[in-house]
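Take a look at the structure below.
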Amino acid sequence: MRRLLAGLSLLLIATVPAQADTGWTLVNSYPHDRAAFTEGLLIHDGLLYESTGLVGRSEIRIQRLDDGRVLKRVTVSPPYFGEGITIWKDRLISLTWRHGKGFIWSAATLKKTGEFRYTGEGWALTHDARHLIMSDGTAELRFLDPDTLQETGRIKVHTADGQPVPMLNELEYVNGEVLANIWMTNRIARINPASGLVIDWIDLSPLVEKVRAEGSGGMDDVLNGIAWDAKAKRLYVTGKNWPKLFEISLQK
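Numbering-wise, the working numbering puts 151 at position 160 of the sequence shown, and it's gapless, one number per residue.
Right under this line is the structure:
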């Protein structure tokens, strides 16, 4: 089903008017577990937090950035397919794909402390200063109260001429914008979270080609994963089953 939706997504994205993509440069690369089917990614206190998907292989990990060593991990047990994560205060909050259930964990120990419910699918999470921001595979972003985890509103993500941008996937909040992977494409959308307008695109096709040239190239091994280190002002990206995590610098 996801592959059928991906085909529809590509057709819709192909109709989006061309814009001058945000430029970027490759700064550094780090080891990344090729077996990690990346669904969520973030930096917290200098450590990399990652959630992985697939039923029976879903987990959440805390790992060192420089060498990829896993310091802590917890399994998201079947029948759940792990999806996006974010950290609010001392809690790590995670989604599952199609079960309408999320989990709450200690950000320090990964001990599960609670659960919550939502309608529809869960794809990704990030947050601003007041809300959690969630994607569900559509062109909408949902806003959740970070304490109650109840939905408080939605916006539709669209281009300047009003076309919706579906398949919003992994999210990261960076300097007042939401960055969103568009599933099964090589582009990241830069979104104004107040209006839903796509400000610009970040085309990472050269990174995708680099990874495929090094031996990764399965249909599902797509760009997915954005992490922003707000303290160090560094931006990282990766993909599902990619052997590397890349640090990039945007040229605005």
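Every residue gets a Cβ at the ideal spot worked out from N, C-alpha and C, and that includes glycine.
Note that the structure is predicted; figures quoted are calculated from it, not measured.
Residue i classed as buried or exposed, judged by whether at least 16 other C-beta atoms fall within 10 angstroms
| i | result |
| --- | --- |
| Asp81 | exposed |
| Ser126 | buried |
| Gln54 | buried |
| Asp58 | exposed |
| Lys235 | buried |
| Leu266 | A question about residue 266 goes unanswered here, because the residues of the chain that appear run from -8 up to 243. |
| Val202 | buried |
| Ala18 | Looking at the sequence provided, one finds Val at residue 18 rather than Ala. Answer is exposed; the Cβ neighbour count stays below 16. |
| Gly128 | buried |
| Pro184 | buried |
Collapsed DSSP secondary structure at residue i in the structure displayed
| i | result |
| --- | --- |
| Pro22 | strand |
| Glu296 | Outside the shown range of the chain (-8 to 243) lies residue 296, about which nothing can therefore be said. |
| Pro197 | helix |
| Arg203 | helix |
| Leu(-1) | Annotation note: pLDDT 46 at Leu(-1) (below 50); position unreliable, coordinate value reported separately. Note: Leu(-1) maps to helix in three-state DSSP. |
| Arg82 | strand |
| Tyr40 | strand |
| Thr143 | strand |
| Gln54 | strand |
| Trp192 | strand |
| Glu168 | strand |
| Gln242 | strand |
Residue of the options minimising C-alpha distance to residue i
| i | options | result |
| --- | --- | --- |
| Lys103 | Leu33, Leu38, Val65 | Val65 |
| Val46 | Val67, Leu32, Arg52, Leu39 | Val67 |
| Ala98 | Trp114, Ser85, Asp194 | Ser85 |
| Leu198 | Leu170, Arg225, Trp233 | Trp233 |
| Gly14 | Trp88, Asn177, Ala185, Asp194 | Asp194 |
Beta-carbon proximity of residue i to residue j, cut-off 9 Å
| i | j | result |
| --- | --- | --- |
| Gly187 | Asp212 | no |
| Leu132 | Tyr109 | no |
Presumed contact (8 Å Cβ cut-off) between residue i and residue j, rounded CB distance
| i | j | result |
| --- | --- | --- |
| Asn215 | Thr29 | 5 Å |
| Glu163 | Ala223 | Not really, about 14 Å apart at Cβ, beyond 8 Å. |
| Asp191 | Arg178 | Not a contact, Cβ separation roughly 10 Å. |
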